[in-house]
Amino acid sequence: MTAPVHQFHRHPALPWAELRTSRQSPHCYRLHMHAEYSFGLVDAGTALFQHPQGPQALAPGDVVLIEPGIWHACNPAQPTRWSYRMLYVQAGWLHDQLGVDGLQFVQRHLRSAASTATLQRLCQALVTGDAAGWTAQLREWLHADQLCHARPSPAPAMGEPAVQQALQCLHQHPDAAPSVQDLAVAGGMSPSRFIRHFKAATGVTPGAYRLNLRLNGARHLLAQGVALADAAHAMGFADQAHLQRSFKAHHALTPGRYAQPQAH
């Protein structure tokens with residue numbers, strides 16, 4: 603059986619974007635979120651797309667659109683393998699290009715030959731570093747097919763005031779966030795009640811939320827060439843090994859492999 607392959611592509615000509623390519627992957631992922639806009643394309647196999655309006659079955663050629671901060675997971679239909687590409691685009695850059703403070707997709711799952719072809723071209727252009735027309739093509743795709751509309755930034759607050767306060771704290775200081783008990787006390791709740799309200803608002807526990815923020819921060823640092831040990835320390839991981847274990851569990855490859863993208 604063919605071994606799974608996971609590769610990341612980054613190109614200096616398009617510094618605002620990153621491409622993940624996974625082939626013959628059997629790996630399953632926990633619910634997670636990204637700081638970037640994510641545009642996914644199924645190349646082979648089938649998968650289940652979990653998101654706030656899901657779940658939805660995915661087939662070859664299907665496209666998924668995911669905003670920053672949306673908890674989701676795409677996993678192969680067991681016990682099969684699947685192949686996919688995921689294009690990540692920096693939120694601030696895309697907002698500037700479209701002249702908006704934020705975006706919300708009208709739907710997060712597309713089954714459209716035109717969208718499939720457009721996303722294939724965008725992915726290939728990133729691999730080759732063909733920046734000419736890349737921005738215009740992405741903008742035209744989003745506008746022409748009315749795939750999204752502007753929304754105010756920041757997004758509307760979620761849940762109880764205690765949860766809103768905790769989310770603000772976690773986002774401001776993911777590297778040194780207080781314990782769940784401290785967050786609960788600050789919000790005037792017992793830990794068990796706070797966890798229930800937090801999960802009802804976000805879909806995950808406070809611990810999972812904090813870990814995801816730390817991993818996203820570490821990933822950003824690694825992509826910029828920061829050493830693994832320094833990235834682990836900066837994002838509040840106990841040590842380099844702790845970051846390695848968590849990163850591989852969430853991304854199906856080591857942080858060292860991620861930091862060395864596929865050569866062009």
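Numbered continuously in the numbering used here, the sequence shown closes out at residue 866.
In this text, a Cβ means the ideal position worked out from N, Cα and C, and glycines have one as well.
Thinking C-alpha only, which one of the options is nearest residue i?
i           : options               : result
residue 635 : 623, 649, 653 and 625 : 653
residue 772 : 832, 812 and 682      : 812
residue 763 : 753, 731 and 799      : 799
residue 708 : 728, 735, 736 and 753 : 753
residue 840 : 816, 791 and 686      : 816
residue 605 : 626, 611 and 615      : 626
residue 838 : 862, 828, 778 and 848 : 778
residue 761 : 805, 660 and 705      : 805
residue 718 : 677, 660 and 679      : 660
residue 694 : 831, 629, 731 and 638 : 638
residue 797 : 808, 610, 789 and 700 : 808
residue 663 : 675, 673, 657 and 647 : 647
Would you identify the three-state DSSP class for residue i, choosing helix, strand or coil?
i           : result
residue 649 : strand
residue 644 : strand
residue 657 : coil
residue 769 : helix
residue 866 : Caution applies to residue 866, whose pLDDT of 47 falls short of 50 and renders its modelled position unreliable; the model cannot decide the point.
residue 604 : coil
Please report the residue range of the alpha helix (DSSP H) in which residue i lies.
i           : result
residue 782 : 782-788
residue 860 : 857-861
residue 824 : 808-825
residue 845 : 842-853
residue 776 : Premise fails: residue 776 is in no alpha helix (DSSP H) and is neither H nor E.
residue 829 : Per DSSP, residue 829 belongs to no alpha helix (DSSP H) and is neither H nor E.
residue 793 : 793-804
Counting along the chain, where does the beta strand (DSSP E) carrying residue i start and finish?
i           : result
residue 687 : 684-691
residue 616 : Note, residue 616: premise wrong, no beta strand (DSSP E); not H, not E.
residue 665 : 665-668
Per the DSSP calculation, residue i is bridged to which residue(s)?
i           : result
residue 623 : 609 and 687
residue 675 : 652
residue 634 : 674
Distance cutoff 8 Å, beta carbons only. Does residue i sit that close to anything in chain C?
i           : result
residue 764 : The chain labelled as chain C is not found in the depicted structure, where only one protein chain is given.
message: Threshold first: 4 residues or longer. Then list the alpha helix (DSSP H) segments lying entirely within the stretch 701-762, N to C.
response: 715-730 and 736-746
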